[in-house]
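J.:
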Amino acid sequence: MKRVWAIGLLFALVAFAAVKAEDELDVDGVVEEDFGKSRDASRTDDEVVQREEEAIQLDGLNAAQIKEIREKSEKHVFQAEVNRMMKLIINSLYKNKEIFLRELISNASDALDKIRLLSLTNDEAMASNEELTIKIKSDKEKNMLHITDTGVGMTKEDLVKNLGTIAKSGTSEFLNKMSDMQTEDQSTSELIGQFGVGFYSAFLIADKVIVTSKHNNDTQHIWESDSNQFSVIEDPRGDTLGRGTTITLVLKEEASDYLELETIKNLVKKYSQFINFPIYVWASKTETVEEPIEEDAEAAEEPEKEAAEEEAEVEEEEEEDKDKDKPKTKKVEKTVWDWELMNDIKPIWQRPAKEVEEEEYKAFYKTFSKDSEDPLAHIHFTAEGEVTFRSILFIPTAAPRGLFDEYGSKKNDYIKLFVRRVFITDDFNDMMPKYLNFVKGVVDSDDLPLNVSRETLQQHKLLKVIRKKLVRKSLDMIKKIAEAQYNEKFWKEFGTNIKLGVIEDHSYRTRLAKLLRFQTSNSDTEVASLEQYVERMKEKQDKIYFMAGTSRKEAESSPFVERLLKKGYEVIYLTEPVDEYCIQALPEFDGKRFQNVAKEGVKFDESDKTKEKREALEKEYEPLTTWLKDKALKDMIEKAVVSQRLTNSPCALVASQYGWSGNMERIMKAQAYQTGKDISTNYYASQKKTLEINPKHPLIKQMLNKIEEEPEEEPEEEPEDQAEDDSEDKEETVDDEEETVRLLTILWDLIKKIACGVFGSRSSFFITLIFVPLQIKFDKTEL
């Protein structure tokens, strides 16, 4: 028995050695014919071989065929000018290397468009391959990247003409014209746009580019170049593509990252996810599959053992019954390779707006903007005219972070430009005005001209046309937001943007003014539009009144609004630093001019009786106003007048129509404006103010009495003992003369300080703060 076992073992060793020798002979044999049968694929499921036959072949050539290609290929040497062209492309026209994939996919899409167009008039055009796809496969082992399309393909003549155009005499003309235009500091974009050299962006990351192409009217050919020269030869493998083109890039050492699946996927989704044709990437995934459990080792043992098993068959019958209940399969995780679709998001802007559901807009917005919240509003439109484009614009629910960081200098990256569904750029300076920097969306045009690198527009006038339509549609979108939602959400998030728009964009100022909202004296909680204010204006009221301050409390407690509120006029409160600039930029609204109640010019409609009474008061207080202007506050104020606006406060400093209000002074000083070089700034800052006095206030009445009695003396300089000696001869209503003089002294000192600008923009606040207790004091003495 032992001898039989030894002989069997010897035969097994001989068989194993023979198999191993055969395997070793295959290693150095013919070059792998099918790129799909790679070492990665050996670990896939049962159907992987069939799928890999669809995969892009590396070359499928043996050593003899490769040698034949080298010897028989037609070699073309690029001229010296081509080196200049290559340097221009690599160093100047393309700002980032990753766009090579965008350009090659774009070219593949163009080829697919062409064959689809041909198929409309020629039923046989797509007979060799009905599929219209773009497929990308990386081969890390051989450091190669393959991009295959089933487009129209190229003949030998096309390969030489289209891919070899760079060596034609036109290159010299192109370079000369470019040099001339650069010397004259002119834009070269229009010139560059005439040369379709996007294909050559492949040399940004590749040492060698191999193009295999099959056209319906020619045999399959191979084009190869290292950027110094190129060669063309008929493919010795014959027709392996059926129709279309495969571009194989032999990557530079530093470009190996572009072989990573995640990198490829990210680039496709970034630049080409809205291409009309499906884009596939050869990728792996882990799947859980059911596999049969392997039989026991006894089934493979020698025949001698079978006899023994038969003898024990009766004994094992019971055990076999138990085995029937055991599972026949087990779950196993396997790595499966297959084509993965990358551009599964279809460009919904290509569909009519009425066919797109609301949920589709929300899903699309979240996908392209990377925002987790639904948009506040959107608009979907097609623009026609000088340039035709489709667009969808969105307003986010919340303002993006850093919305006003580097305002004006930071580029807007929320509008993405596509041309024929190919992403071009979101790096814009002037696609949208600065104040609409929160609007997100896509713009797609089929006929927009581009320059060679697709980075900037070829004709800037077309960009201006697009900009105008985008602004108009954006304002339409904002206008259609429901009033409650507008006030509660939009205005809180983007109100400052609208105000800046009024300041910056005179073309749309009227439309933007209708979008403004402000706090007013009409409501403690609700904001109001200018249209609502005008609707509530009193009869014969011809101006829109507003008061600026650091807060609503400060504005509504200002002495400037006292009489307006008492008479029932509505006053707009401007509490943001940008508000007063905004109103200054608006000359009028609906035929009504704006009136800053902190400036001169506030007048009320008055009857003849009221007018006579006012004129009588002006005449009565003329000694005091004249004395204040010409003597006491000479060179400090423009003039002193009897006020029509004050009710409770004794006096107030009022800016001229062309000067700064106290609030504007505060803002300008906070901006450190005083450089001494800005003439206009110095002019506004140097404007003198008007002192308005309240003729009904007890302190002002006392002041008038003092001036009439002793016009040459300033009230605070009157000796207290002299006042006591004359107290019996004066018709005083205050029992304590010393208290009267003290209060007048305080008033006078404060007026001088206010006139000198000691309290700056808060003069009115200090007047109210200090004189309220003084007024109470006089009220108690029944002045």
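In terms of mature numbering (1 follows the signal peptide of the UniProt record, and there is no 0), the sequence shown is residues -21 to -1, 1 to 762. Cβ atoms here follow ideal geometry from the backbone N, Cα and C, with glycine treated the same way.
Just grab the DSSP bridge partners of Met526 for me.
T.: Met526 is bridged to Tyr552.
J.: Going by CA-CA distance only, name the one from Asp89, Leu494, Phe573 and Leu479 that's closest to Val131.
T.: Per the Cα distances, Asp89.
J.: What are the boundary residues of the alpha helix (DSSP H) that includes Asp186?
T.: Asp186 -> not in any alpha helix (DSSP H); beta strand (DSSP E) instead, spanning Ala185 to Lys193.
J.: Please classify Asn101: is it buried, with 16 or more other beta-carbons within 10 angstroms of its beta-carbon, or exposed?
T.: It counts as exposed.
J.: Given a cut-off of 7 Å on the beta-carbon distance, is the pair Met321 and Val260 in contact?
T.: The answer is yes: Cβ separation under 7 Å.
J.: Assuming contact is defined by CB atoms lying nearer than 7 Å, are Ala187 and Leu220 in contact in what I supplied?
T.: A quick correction: the sequence has Lys, not Ala, at residue 187. No, Cβ-Cβ distance for Lys187 and Leu220 is not below 7 Å.
J.: Have a look at the DSSP bridge pairing and note the partners of Ser370.
T.: Looking at the DSSP assignment, Ser370 forms a beta bridge with Phe360 and Val422.
J.: Name, in chain order, the residues that DSSP records as bridge partners for Asp128.
T.: In the DSSP output, where bridge partners are listed per residue, Asp128 has Ile113 and Thr224.
J.: Where does Glu169 sit, in a helix, a strand or coil, going by DSSP?
T.: Note that Glu169 has pLDDT 36, beneath the 50 cutoff, so the model's placement of it is unreliable and the number below is only indicative. The answer is helix: DSSP assigns Glu169 an H, G or I state.
J.: Looking only at its own chain, which residues have a Cβ that is under 6 Å from the Cβ of Ser85, when we skip the five neighbours before and after it?
T.: Here the set comprises Val401.
J.: Looking at C-alpha atoms only, which residue of Gly381, Val550, Ser502 and Asp323 is the closest neighbour of Phe473?
T.: Residue Gly381 is the option with its Cα nearest to Phe473.
J.: Leaving aside the five residues before and after Ala262 along the sequence, list all residues of the same chain whose C-beta is less than 6 Å from its C-beta, in chain order.
T.: The answer, listed in chain order, is Leu240 and Glu319.
J.: Is the CB-CB distance between Leu91 and Phe256 below 7 Å?
T.: A contact, by the Cβ cut-off of 7 Å.
J.: With H, G and I counted as helix, E and B as strand and the rest as coil, what does DSSP make of Gln623?
T.: Coil, per DSSP.
J.: Measuring alpha carbon to alpha carbon, tell me which of Gly364, Thr605, Asn476 and Asp317 ends up nearest Asp384.
T.: Of Gly364, Thr605, Asn476 and Asp317, the residue nearest in Cα terms is Asn476.
J.: If we ignore side chains and look at the alpha-carbon of each, how far apart do Val247 and Thr499 end up?
T.: Whole-angstrom Cα-Cα distance: 53 Å.
J.: For Asn268, does the count of other Cβ atoms within 10 angstroms reach 16, so buried, or fall short, so exposed?
T.: Here residue 268 turns out to be Val, not Asn, going by the sequence shown. So Val268 ends up on the exposed side.
J.: Span of the beta strand (DSSP E) holding residue 850?
T.: Given a span of -21 to 762 for the chain in the structure shown, any question on residue 850 remains unanswerable.
J.: Can you find at least 3 beta carbon pairs, one from the stretch 594 to 612 and one from the stretch 554 to 566, that sit closer than 8 Å?
T.: No, because fewer than three Cβ pairs between the stretch 594 to 612 and the stretch 554 to 566 fall closer than 8 Å, the two stretches do not touch.
J.: Where do the ends of the alpha helix (DSSP H) carrying Lys341 lie?
T.: Taken as a continuous stretch (DSSP letters only), the alpha helix (DSSP H) holding Lys341 covers Glu337 to Ser348.
J.: Tell me the residue span of the beta strand (DSSP E) that contains Trp639.
T.: Careful: Trp639 lies outside any beta strand (DSSP E) and carries neither H nor E.
J.: State the DSSP-derived secondary structure class of His676, mapped to helix, strand or coil.
T.: Three-state DSSP puts His676 in coil, outside helix and strand.
J.: Could you tell me the boundaries of the beta strand (DSSP E) in which Tyr259 lies?
T.: That run of the beta strand (DSSP E) goes Ile258 to Pro271.
J.: According to DSSP, is Asp118 part of a helix, a strand, or is it coil?
T.: In the structure shown, Asp118 sits in a strand (DSSP, three-state: E or B).
J.: Rounding to the nearest angstrom, what Cα-Cα distance links Phe209 and Leu138 in this structure?
T.: The alpha-carbon atoms of Phe209 and Leu138 are separated by roughly 10 Å.
J.: Which one or two residues does DSSP pair with Ile212 in a beta bridge?
T.: DSSP lists Ile201 as partners of Ile212.
J.: Could you tell me which whole beta strand (DSSP E) segments of length 3 or greater appear in the stretch 481 to 545?
T.: As far as the stretch 481 to 545 is concerned, its whole beta strand (DSSP E) runs of at least 3 residues are 497 to 499 and 522 to 527.
J.: Could you spell out the range, first to last residue, of the alpha helix (DSSP H) harbouring Glu319?
T.: Note, Glu319: premise wrong, no alpha helix (DSSP H); beta strand (DSSP E) at Thr308 to Leu320.
J.: Using the C-alpha atoms, what's the distance from Ala362 back to Asp423?
T.: About 10 Å.
J.: Below 8 Å on the Cβ atoms is my guess for Phe397 versus Phe253; work out the distance and round it to an integer in Å.
T.: That pair is a contact at about 6 Å.
J.: So, for Arg399: in the same chain, excluding its five sequence neighbours on each side, which residues have a beta-carbon less than 6 Å away from its beta-carbon?
T.: For Arg399, where only same-chain residues beyond five positions count, the Cβ hits under 6 Å are Asp425.
J.: Buried or exposed: Gln329, going by 16 or more other Cβ atoms within 10 Å of its Cβ?
T.: Classification for Gln329: exposed.
J.: So if DSSP puts Phe573 in a beta bridge, which residue, or which two residues, is it bridged to?
T.: Beta-bridge pairing links Phe573 to Ile523.
J.: Rounded to whole angstroms, what is the Cα-Cα separation between Lys588 and Leu670?
T.: So the two alpha carbons sit approximately 25 Å from each other.
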